[in-house]
Amino acid sequence: MKFSCLRENLLQAVSIAERAVASKSTMNILEGLFIEAKENEIRFLGNNLELCIDCSITGNVEKKGSCVVKANLFSDAIKKLPASNQEVFVEVNENNVIFITCGNAKFNFSTAPADEFPRPQEINALDEMVLEESLLKNMIRQTVYAISQNDTKPYLTGILFDMKNGLLNVVGCDGYRLAIRREALTHEKDLQFIMQGKTARELLSLLGDSDYKVTVKVSDKQAQLYLKNCVVTTRLIDGDYLNYETVAKHENTLFVVTETKEILDSVDRASLIASEAIKAHVLLHIEDGQVNINCETILGQVKDKFEVDMQGEPIEIAFNPRYLLEAFKNTECKEIKMSFSTALNPVIIQPVSGNSFQYIVLPVRLH
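For the sequence shown, this note's numbering gives the first residue as 691, with consecutive numbering after it.
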């Protein structure tokens, strides 16, 4: 194998593909990066059997071939190449040694045969959908924060994609809070799958903010996403998701409209003396067009208040401050509407008009 390409393109492709490389594995081959050169195209592939990222760039291929290199070693070598030289020359000899040359800098190290490296196949899709990458990125970002970090219920460690009647719902939940992001799409068939949380977070780094159309193909066990600069193949999570549409089916008696930044900053100040170790809560007392916020721990006390528009009965209710802060930060709108019923039922956070998102947070029970 012998090829040359631009250093910038090589660095970008390697940085993308290595996101799917296993950091530690009983199969040593999975800690490597698959490289293939053919017909003026160089392909880079990382695969940890849960997530696979396939990225290709153009280059000058003098000799076709493939190999597997130690991913972190190859990546570090490319990063340390002199930036003043644009072209990188790569060659693998008959002894399976790879040589990397850029200007006066030269690296060489051993490689492994590519035969044993698992390469993805195009999946036998049961259905597919198409949406702009900026929209997909936004819908993931506004829900993935709410997924569970505990794998006792595996389906809660991923985000649900639920397409019904031309409306796509993306959902994240950890049992204490629920995030729903909705968007109308031109899609006739119903479709539902649970994407792994790790994959969703990687997609946030891979997706851009353009109107490029991303195709998502789905089979029983896998999803394949065709992005602008790579193809991502991921295993799906088995199991049925919870019935998220019934979570907030209760009669609300208090409605509050407030500036997002104002309530976010106020809760943030109150949480200054709270921590996961202390497990403190923030207490909201809402009455007469005013929200009084109080947080009291062994470290001290913080009080704050601000004016709001409200309709309904007063309420005193407590929350985990982190859950509120993460919900407020992901609203991406200037004003929000908060709906309450009792101190034991969750708050519903949504836009003042429309229902493009809905964040539901369970309160803390006060003794």
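Even for Gly, the Cβ is constructed at its ideal location relative to N, Cα and C.
Determine, using beta carbons only, whether residue 732 and residue 746 come nearer to each other than 8 Å.
-> Against the sequence shown, residue 732 aligns to sequence position 42. Against the sequence shown, residue 746 aligns to sequence position 56. Cβ atoms of residue 732 and residue 746: closer than 8 Å.
With burial defined as no fewer than 16 other Cβ atoms inside 10 Å of the residue's Cβ, what is the status of residue 869: buried or exposed?
-> Taking the sequence shown and counting its residues from 1, one reaches residue 869 at position 179. It is buried - the Cβ of residue 869 has at least 16 other Cβ atoms within 10 Å.
May I have the straight-line CA-CA distance separating residue 1010 from residue 754, to the nearest angstrom?
-> As a position in the sequence shown, residue 1010 is number 320, starting the count at 1. As a position in the sequence shown, residue 754 is number 64, starting the count at 1. Residue 1010 and residue 754: Cα-Cα distance of roughly 58 Å.
Residue environment, residue 1055, which counts as buried when at least 16 other CB atoms sit within 10 Å | Along the sequence shown, one-based indexing puts residue 1055 at 365. So residue 1055 counts as exposed.
What three-state label does DSSP hand residue 741 in the structure shown?
-> Working through the sequence shown from its first residue, we reach residue 741 at position 51. Residue 741: strand per DSSP, three-state reduction.
Can you check whether the CB of residue 898 is closer than 8 Å to the CB of residue 834?
-> Walking along the sequence shown from the start, residue 834 turns up at place 144. Walking along the sequence shown from the start, residue 898 turns up at place 208. Their beta carbons are not under 8 Å apart, which means residue 834 does not touch residue 898 by this criterion.
Beta strand (DSSP E) segment containing residue 1041, residue limits | Sequence index remark: in the sequence shown, residue 1041 carries index 351 (1-based). Its beta strand (DSSP E) spans residues 1037-1041.
Can you tell me where the alpha helix (DSSP H) with residue 699 in it begins and where it stops?
-> Taking the sequence shown and counting its residues from 1, one reaches residue 699 at position 9. From DSSP, the alpha helix (DSSP H) with residue 699 extends over 697-707.
Is DSSP giving residue 832 helix, strand or coil here?
-> Indexing the sequence shown from 1 puts residue 832 at position 142. Helix, per DSSP.
Using only alpha-carbon positions, find the residue among 867, 862, 854, 890 that is nearest to residue 873.
-> In the sequence shown, counting from the first residue as 1, residue 873 sits at position 183. Comparing Cα-Cα distances from residue 873 to each of 867, 862, 854, 890, the minimum goes to 854.
Delimiting residues of the alpha helix (DSSP H) encompassing residue 946 = If you number the sequence shown from 1, residue 946 lands on position 256. From DSSP, residue 946 is part of no alpha helix (DSSP H) but of the beta strand (DSSP E) over 944-949.
Give me the Cα-Cα distance between residue 840 and residue 790, rounded to the nearest whole angstrom.
-> As a first step, residue 840 is located in the sequence shown; it is residue number 150 there, counting from the start. As a first step, residue 790 is located in the sequence shown; it is residue number 100 there, counting from the start. In a straight line, the C-alpha of residue 840 is about 43 Å away from that of residue 790.
Just reading off the beta strand (DSSP E) that residue 849 is part of, what are its end residues?
-> As a working note, residue 849 is residue 159 in the sequence shown. That run of the beta strand (DSSP E) goes 848-854.
Skipping 5 residues on each side, what residues in its chain have a beta carbon closer than 6 Å to that of residue 1052?
-> The residue labelled residue 1052 in the question sits at position 362 within the sequence shown. 866, 1036, listed in sequence order.
Beta-carbon spacing of residue 807, residue 759 below 8 Å | Translated into positions along the sequence shown, residue 807 becomes position 117. Translated into positions along the sequence shown, residue 759 becomes position 69. It is not a contact, given that the beta carbons lie outside the stated cut-off.
Can you name the start and end residues of the alpha helix (DSSP H) that residue 766 belongs to?
-> By 1-based counting over the sequence shown, the position of residue 766 is 76. Start and end: 761-769.
Only counting runs of 4 or more residues, tell me where the alpha helix (DSSP H) segments fall wholly within the segment 789-835, in order along the chain.
-> 823-834
Backbone secondary structure at residue 1013 - three-state DSSP = Along the sequence shown, one-based indexing puts residue 1013 at 323. In the three-state scheme derived from DSSP, where H, G and I count as helix and E and B as strand, residue 1013 is classed as helix.
Taking the DSSP output, what are the residues bridged to residue 736?
-> Numbered from 1 along the sequence shown, position 46 holds the residue referred to as residue 736. Answer is 743.
Expressed to the nearest angstrom, what Euclidean distance is found between the alpha-carbon atoms of residue 1044 and residue 804?
-> For this step, residue 1044 is matched to residue 354 along the sequence shown. For this step, residue 804 is matched to residue 114 along the sequence shown. Answer to the nearest angstrom: the Cα atoms are 52 Å apart.
Straight-line CA distance for residue 744 to residue 915?
-> Position 54 of the sequence shown, counted from the first residue, corresponds to residue 744. Position 225 of the sequence shown, counted from the first residue, corresponds to residue 915. Using only the alpha carbons, I get a separation of about 10 Å.
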